[in-house]
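11 is the number that our numbering gives to position 11 of the sequence shown; each next residue is one higher, with no gaps. Inspection log for the structure reproduced underneath, given as structure tokens.
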Amino acid sequence: MEYEDFKLVDQEIIYQAVFQDEQVTYAKLEEQYKKNKSFSNIKIAANGITFDVNDLTVDYLKFQFSQVQTPLILQTGKFSGKCSVSIREGRYRVTFNKIMVTGEIGYKSIKEKEPLTGLCSKNNGTQLSQDWMKPNTLGLLGKALADNFEFKMKDDDW
Numbered sequence: 001m002e003y004e005d006f007k008l009v010d011q012e013i014i015y016q017a018v019f020q021d022e023q024v025t026y027a028k029l030e031e032q033y034k035k036n037k038s039f040s041n042i043k044i045a046a047n048g049i050t051f052d053v054n055d056l057t058v059d060y061l062k063f064q065f066s067q068v069q070t071p072l073i074l075q076t077g078k079f080s081g082k083c084s085v086s087i088r089e090g091r092y093r094v095t096f097n098k099i100m101v102t103g104e105i106g107y108k109s110i111k112e113k114e115p116l117t118g119l120c121s122k123n124n125g126t127q128l129s130q131d132w133m134k135p136n137t138l139g140l141l142g143k144a145l146a147d148n149f150e151f152k153m154k155d156d157d158w
């Protein structure tokens, strides 16, 4: 079961996106990722980059969502987990897993990190919850993740 770049794999929600970019290199990604305050423990190996994501927040206004349209967990949530990136000709794939979250979900306050899978899936992580399969929920979280993971060419690269 999938929604945009999110899917359930072995009863865990993961984000996996492929970005097209002819110019991307591990060195360029590392340089950009080192500037992101939410990324740490960045390691480059022959077959990819791995790093930790810590307390990443969603800037819902950046993606033209109002506070009223945005679920409380995305307004208050801080998302953490493990990320890996691998490059193939002209493209690279980002996989974000072991996703944990803290924040407010309306009926409870999540103070200790808990798996996102438990909030956005049902039947022991075998189905995504319809409540999360919406443009303003997983759709918005996906936009925020892509905005952090996607390589951005600087003006001086032209």
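Backbone N, C-alpha and C define an ideal beta-carbon position, used for all residues, glycine too. These numbers come from a predicted model, not from an experiment.
Limits of the unbroken alpha helix (DSSP H) element including residue i
i	result
L8	Unbroken run through L8 is the beta strand (DSSP E), 6-9; no alpha helix (DSSP H).
T117	116-120
N148	138-149
I73	72-76
A45	Run containing A45: none in the alpha helix (DSSP H); it sits in the beta strand (DSSP E), 39-45.
L56	No alpha helix (DSSP H) holds L56; the beta strand (DSSP E) holding it covers 48-56.
K108	Element bounds for K108: n/a, residue is neither H nor E.
E31	26-34
Residues bridged to residue i (per DSSP)
i	result
Q16	T95
F79	L56, V101
Y3	F6
Q127	K122
V162	What the structure shows of the chain is the stretch from 1 to 158, and residue 162 is not part of that stretch, so it cannot be assessed.
CB of residue i within 9 angstroms of CB of residue j, strictly
i	j	result
F65	L140	yes
G142	Y15	yes
E2	L128	yes
F149	A17	yes
Y60	Q75	yes
V144	L56	Note that residue 144 is Ala in the sequence shown, not Val. Contact: yes.
M100	K113	yes
Q11	T117	yes
Q5	K62	Note on identity: in this sequence residue 5 is Asp, with Gln being the wrong assignment. Contact flag unset, no.
G77	T50	no
G48	S84	yes
Y26	I87	yes
S109	I13	no
CB-CB length for residue i against residue j, believed under 8 angstroms
i	j	result
G81	V53	5 angstroms
F19	F151	7 angstroms
K35	I42	The Cβ separation is near 11 angstroms, so there is no contact.
Counted within 10 angstroms of its Cβ, other Cβ atoms place residue i as buried (16 or more) or exposed
i	result
W158	Any answer about W158 is weak, because its pLDDT of 46 lies below 50 and its placement is not dependable; what the coordinates show is given next. Exposed, by the Cβ-count rule.
D131	exposed
L29	buried
T95	buried
V24	buried
V68	exposed
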